[in-house]
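Residue numbers (the working numbering): 32 to 207. C-beta atoms are modelled at their ideal positions from N, C-alpha and C, and glycine is treated no differently. Values in this document were obtained by computation on a predicted structure and should not be read as measured data. Beneath this line is the structure, given in structure tokens, with notes to follow.
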């Protein structure tokens with residue numbers, strides 16, 4: 032039998048430690064996409080969502096956690112036998128499926144019903160004032176600049192009140 036010296040024992044110990052740590056780091060590297068998927072599912076759960084979406088996210092997170100945990104605690108062959116491997120699609124397949132997907136979206140959309148208007152009837156616009164009184168009102172009424180496109184409810188309320196005030200003064204002046 033060979034003589035076992037201190038340097039050979041030390042050398043074999045270092046080699047064994049390197050093999051153990053490299054296998055561990057390889058396993059971490061192999062499981063990193065699954066861990067990222069788990070973190071992504073958890074991040075989506077932190078955002079606001081509906082009840083139905085929340086249940087779907089919880090299921091998605093549970094599956095991602097289970098898959099990551101299995102990856103961390105099993106060998107590569109055992110993990111592949113249970114979950115299989117993802118196969119990347121070639122560019123040719125991707126283009127063809129995308130093309131068909133676009134065609135399906137176009138052809139499967141239901142045709143929208145077009146509103147049919149009766150074009151033979153007259154259009155009637157009713158306003159508060161008719162005839163000469165209406166013309167006088169249009170000349171009298173001065174709409175403030177901020178009332179042309181009100182952005183909030185306070186401005187809208189101001190515009191309504193201003194119009195009512197102007198109508199009252201118009202009524203008083205027109206009747207005189």
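**Request:** Quick one: residues in its chain with C-beta nearer than 7 Å to the C-beta of residue 168, no 5 flanking neighbours on either side, listed in chain order?
**Result:** If the five residues before and after residue 168 are omitted, its C-beta is found closer than 7 Å to the C-beta atoms of 160, 201, all from its own chain and listed in chain order.
**At least three beta-carbon pairs within less than 8 Å, the segment 65-73 to the segment 35-46** = Output reads no: the segment 35-46 does not touch the segment 65-73.
**Request:** Apply the 10 Å Cβ neighbour rule to residue 95 and answer buried if 16 or more other Cβ atoms are within range, or exposed otherwise.
**Result:** It is buried - the Cβ of residue 95 has at least 16 other Cβ atoms within 10 Å.
**Prompt:** How about residue 76 and residue 66: do their beta carbons lie closer than 8 Å?
**Reply:** Cβ distance not < 8 Å, so residue 76 and residue 66 don't count as in contact.
**Request:** Can you tell me which of 97, 145, 195 puts its alpha carbon nearest to the alpha carbon of residue 173?
**Result:** If you compare the alpha carbons of 97, 145, 195 with that of residue 173, the shortest gap goes to 195.
**Asked** Under three-state DSSP, which class holds residue 63?
**Response** Correct three-state label for residue 63: helix.
**Asked** Per DSSP, what kind of secondary structure is residue 151 in: helix, strand or coil?
**Response** In this structure, residue 151 counts as coil in the three-state DSSP scheme.
**Prompt:** What is the rounded straight-line gap between the Cα of residue 163 and the Cα of residue 144?
**Reply:** About 42 Å.
**Asked** Excluding the five sequence neighbours on either side, which residues of its own chain have a C-beta within less than 8 Å of the C-beta of residue 154, listed in chain order?
**Response** Residues of the same chain with a CB within less than 8 Å of the CB of residue 154, apart from the 5 flanking positions on each side, do not exist.
**Asked** On the three-state DSSP scale, how would you describe residue 145?
**Response** Three-state result, residue 145: coil.
**Message:** Beta-carbon within less than 6 Å of residue 171's beta-carbon, same chain only, minus the 5 sequence neighbours each way: which residues are those?
**Reply:** Counting only Cβ-Cβ distances below 6 Å, and skipping sequence neighbours, we find 201.
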